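Trainee: My questions will all concern the structure given below.
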Amino acid sequence: MHCVIKSFKHNGHIHRTWQRNWLVPSELLVPEHLEESMIVLINRQTPIQESDGKQWISRVPAVSFFIPGIWFNVVALIEENGIRYYCNIASPPYLQGDVLTYIDYDLDVIRTTDGGCFVVDQDEYELHSHMYHYPQMVDDKVQEGLAALLLRIESGQPPFQDEHVTAYYEAWLQANGEVE
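Residue numbering for the sequence shown follows this note's numbering, starting at 1 and increasing by one per position.
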């Protein structure tokens with residue numbers, strides 16, 4: 001099934017749209033992902049539209065993981081030298097029909113291909129926190145989401161397992177008769 005991913009800012013304005021993604025059917029999810037009801041999406045060379053209308057095409061394939069009720073999402077970027085994880089601190093996902101939405105809360109965590117881990121965009125979070133008047137509940141959820149994400153990365157919990165990312169992507173390529 002094709003799916004569109006739309007991220008919004010706290011004020012309700014659209015932030016970014018990934019226009020072409022494929023939903024991994026639940027029967028193809030590994031047990032650890034199925035247990036958490038993860039929504040797994042794959043994209044390659046998908047058109048991405050920014051809030052200002054500018055459009056570009058993603059350069060590397062990605063497998064994205066959204067977990068209901070959890071305040072972050074994870075994008076595994078399949079690069080030449082390995083898998084880099086770009087993680088968004090965000091509201092839990094909402095999937096209705098073929099559109100998945102969430103609110104992006106600026107803070108990001110990057111886990112590099114060599115296992116390094118970096119929290120980025122703290123300044124952007126602080127700026128938007130004041131600009132959009134984030135309520136205390138949102139700030140609490142953002143901080144809880146960040147702590148939970150860092151713990152998962154540190155302990156190698158799902159979805160931070162390169163072999164599953166690779167398997168999903170290779171199965172998708174094979175199902176679509178494509179060769180990388």
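Glycine is no exception: its CB is placed at the ideal position from the N, C-alpha and C atoms. Every value quoted in this text rests on a predicted model; they were computed, and no experiment measured them.
Checking the sheet assignment: what are the DSSP bridge partners for H15?
Mentor: As a first step, residue 15 must be located in the sequence shown, where it is residue number 15. DSSP lists no partner for H15.
Trainee: Buried or exposed for D140, going by 16 or more other Cβ atoms inside 10 Å?
Mentor: On the sequence shown, position 140 is the one that residue 140 refers to. With fewer than 16 other Cβ atoms within 10 Å, it is exposed.
Trainee: Just the Cα atoms here: how many angstroms apart are R84 and M131?
Mentor: Position 84 of the sequence shown, counted from the start, is the residue given in the question as residue 84. Position 131 of the sequence shown, counted from the start, is the residue given in the question as residue 131. Their backbone Cα atoms lie some 31 angstroms apart in a straight line.
Trainee: Tell me the DSSP bridge mates of R84?
Mentor: For the purposes of this step, residue 84 is taken as residue 84 along the sequence shown, with counting starting at 1. DSSP lists L77 as partners of R84.
Trainee: On the criterion of 16 or more Cβ atoms from any shown chain inside 10 Å, does R44 qualify as buried, or is it exposed?
Mentor: Against the sequence shown, residue 44 aligns to sequence position 44. Buried: at least 16 other Cβ atoms inside 10 Å.
Trainee: I need the straight-line Cα distance from F65 to A90, nearest angstrom please.
Mentor: Locating residue 65 in the sequence shown gives position 65, where the first residue counts as 1. Locating residue 90 in the sequence shown gives position 90, where the first residue counts as 1. Spanning the two alpha carbons is a distance of roughly 12 angstroms.
Trainee: For C99, is the classification buried or exposed, using 16 other Cβ atoms within 10 angstroms of its Cβ as the cut-off for buried?
Mentor: Here residue 99 refers to the residue found at position 99 of the sequence shown. Residue identity check: residue 99 is Val in the sequence provided, not Cys. Under this definition V99 is an exposed residue.
Trainee: Determine whether the beta carbon atoms of W172 and W22 lie at a separation below 8 angstroms.
Mentor: Walking along the sequence shown from the start, residue 172 turns up at place 172. Walking along the sequence shown from the start, residue 22 turns up at place 22. The answer is yes: Cβ separation under 8 angstroms.
Trainee: Secondary structure at W56, three-state DSSP: helix, strand or coil?
Mentor: By 1-based counting over the sequence shown, the position of residue 56 is 56. In the structure shown, W56 sits in a strand (DSSP, three-state: E or B).
Trainee: Using CA atoms only, rank isn't needed, just tell me which of E170, Q49, A175 and V109 is closest to R20.
Mentor: Residue numbering aside, residue 20 sits at position 20 when the sequence shown is read from its first letter. Per the Cα distances, Q49.
Trainee: Starting from the C-beta of L28, find all residues in its chain whose C-beta is less than 7 angstroms away, skip the five residues before and the five after it, and write them out in chain order.
Mentor: As a first step, residue 28 is located in the sequence shown; it is residue number 28 there, counting from the start. Same-chain partners within the cutoff: A171.
Trainee: Terminal residues of the continuous alpha helix (DSSP H) containing V30?
Mentor: To locate residue 30, count along the sequence shown from 1; it is residue 30. V30 -> no alpha helix (DSSP H), and no H or E assigned at all.
Trainee: Do you know how far the Cα of I14 is from the Cα of N88?
Mentor: For the purposes of this step, residue 88 is taken as residue 88 along the sequence shown, with counting starting at 1. For the purposes of this step, residue 14 is taken as residue 14 along the sequence shown, with counting starting at 1. Approximately 16 angstroms between the Cα atoms of the pair.
Trainee: Among the residues of its own chain, which have a CB less than 6 angstroms from the CB of A62, if the five just before and after it don't count?
Mentor: Residue numbering aside, residue 62 sits at position 62 when the sequence shown is read from its first letter. Only N43, V75 and L77 meet the Cβ criterion.
Trainee: Could you pull the DSSP bridge partners for Q49 from this structure?
Mentor: On the sequence shown, position 49 is the one that residue 49 refers to. T17 and Q55.
Trainee: Rounded to a whole number of angstroms, what is the C-alpha to C-alpha distance between V30 and S129?
Mentor: Here residue 30 refers to the residue found at position 30 when the sequence shown is read from its first residue. Here residue 129 refers to the residue found at position 129 when the sequence shown is read from its first residue. In a straight line, the C-alpha of V30 is about 37 angstroms away from that of S129.
Trainee: Mind checking which residues open and close the alpha helix (DSSP H) that includes R152?
Mentor: The count along the sequence shown starts at 1 and reaches residue 152 at position 152. Its alpha helix (DSSP H) spans residues Q136 to S155.
Trainee: Are S58 and R16 touching if we call contact CB-CB under 8 angstroms?
Mentor: By one-based count along the sequence shown, residue 58 stands at place 58. By one-based count along the sequence shown, residue 16 stands at place 16. No, Cβ-Cβ distance for S58 and R16 is not below 8 angstroms.
Trainee: Tell me the rounded alpha-carbon separation between Y125 and M137.
Mentor: For the purposes of this step, residue 125 is taken as residue 125 along the sequence shown, with counting starting at 1. For the purposes of this step, residue 137 is taken as residue 137 along the sequence shown, with counting starting at 1. Between Y125 and M137, the C-alpha separation is close to 15 angstroms.
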